[in-house]
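See structure below.
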Amino acid sequence: MRCSARLLAVAVAVASTTIALTSDGGIDAAPVAAGSLPASTKQLTVFSGFPRRGFFSFGGFPGQRPPPSTPTPTSGPLVIGSNAGTGGNGGPGIFATGGDGGNADPVTVTNSQGGTLFGAGNAGVTIGSTAGDGGDGGGDFADGGDGGTAGAIDVTNSGGGTLVASGAGPVTIGARAGDGGDASLATGADGGNGGNSGTIDISNTGGTFIPGSAGPVNIGGGGGTGGNAGTGFNSDGGSGGAGSNVDITSSAAGGVLPPGTGEVSIGGTGGTGGDGGAGPSSFGGNGGDAGTVTIIG
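Sequence positions in the sequence shown follow mature numbering (1 follows the signal peptide of the UniProt record, and there is no 0) and run -20 to -1, 1 to 277.
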């Protein structure tokens, strides 16, 4: 029994030890750090437990187990812009109107040094600040808040540079305006109006704005949706906001969107009007106007 116990102790002592068998037959019993062995060295790992099939694991032989390649990390999606705050909801009392959504600030992007502003590896690029939604109304005669206005966007590419590299898409230039808040389930309560989307101005005067293989590309911000009215009489739905106007000017040989860019959508969509109430003198909101599109090449 003493002999068996000593053998067991020896087996436990060598458990999970890594040793190196060098070309001259020498043995280094110390654990070997990964990647520190010469090419002629064979690596041997001893596992815990009693001898059994698969007790030894060999590694490091020529032509086996090449080191794994490290993949290039992908960043993004990249969002340039910010979100405005949402209006608060009105209380349950009469005339408790919902708050208006915040307006988004303008966004200006300029690439004028001849380089690539947004390189490959960005899993999507979005430029634009989103406006806040209006809050919901409370009791009788409590209207929903109006949606905020999306900020204007000004993008300039010059100096022979590229704004968005191939493989960095999809690309979205434009932000959504805020939706109008819904009115309460009461009398004389109108839905809030949807916000308008800001103007988008793109100027390309020396380079390729968005090259092929960077698409799909969507340029244009949508107007906010009008809020729904209350269920009582004299309750109107909110009107939808206007879509963004888009102005594109290109005077460069590379163009704004060369062949191979993929699916391209240019233009701001107007918001949908809200539903009117169920009672008399209750009307649905008007739909928002689509934005104008001007392209000069």
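Heads up, the beta-carbon is just placed ideally off N, CA and C, and yes, glycines get one too.
Can you tell me whether Gly174 is buried or exposed? The criterion is at least 16 other CB atoms within 10 Å of its CB, across all chains shown. buried
Query - Validate contact between the segment 65 to 82 and the segment 138 to 150 using beta carbons, cut 8 Å, 3 pairs - result: no
Compare the C-alpha of Asp123 against each of Ser138, Gly140 and Ala166 and name the closest. Ala166
Query raised in the report: Who are the Cβ neighbours of Gln93 in its own chain at under 6 Å, not counting the five residues just before and after it?
Result: Gly139
| Enclosing beta strand (DSSP E) for Asp162 [first to last residue] | Per DSSP, Asp162 belongs to no beta strand (DSSP E) and is neither H nor E.
**Message:** Alpha carbons only, please: which of Asn102, Gly154 and Gly192 is nearest the one belonging to Gly178?
**Reply:** Gly154
Inset, instruction - Leaving aside the five residues before and after Pro238 along the sequence, list all residues of the same chain whose C-beta is less than 7 Å from its C-beta, in chain order. - result: Thr188, Pro191 and Gly192
What is the DSSP secondary structure of Gly187, counted as helix, strand or coil? strand
Take the Cβ of Phe213 as the centre, count every other Cβ of all protein chains shown within 10 Å, and call the residue buried at 16 or more, exposed below. exposed
Only counting runs of 3 or more residues, tell me where the beta strand (DSSP E) segments fall wholly within the segment 192 to 247, in order along the chain. 197 to 199, 226 to 230 and 244 to 246
Just to confirm the assignment: which complete beta strand (DSSP E) runs, minimum length 3, are found wholly within the segment 62 to 132?
87 to 91, 96 to 98 and 105 to 107
Next item on the list: Mind checking which residues open and close the beta strand (DSSP E) that includes Thr142?
Entry: Gly141 to Val144
Check your understanding: Under a three-way DSSP split, which group does Thr167 fall into?
Key -> coil
- Task: Quickly, what does DSSP pair Asp269 with across the bridge? List them, please.
- Result: Looking at the DSSP assignment, Asp269 forms no beta bridge with any residue, so it has no partner.
Ala103 versus Gly203, Gly218, Gly206 and Gly195, residue with shortest Cα-Cα distance: Gly195
Could you tell me if Ala163 is buried or exposed, where buried requires 16 or more neighbouring beta carbons within 10 angstroms of its beta carbon?
-> buried
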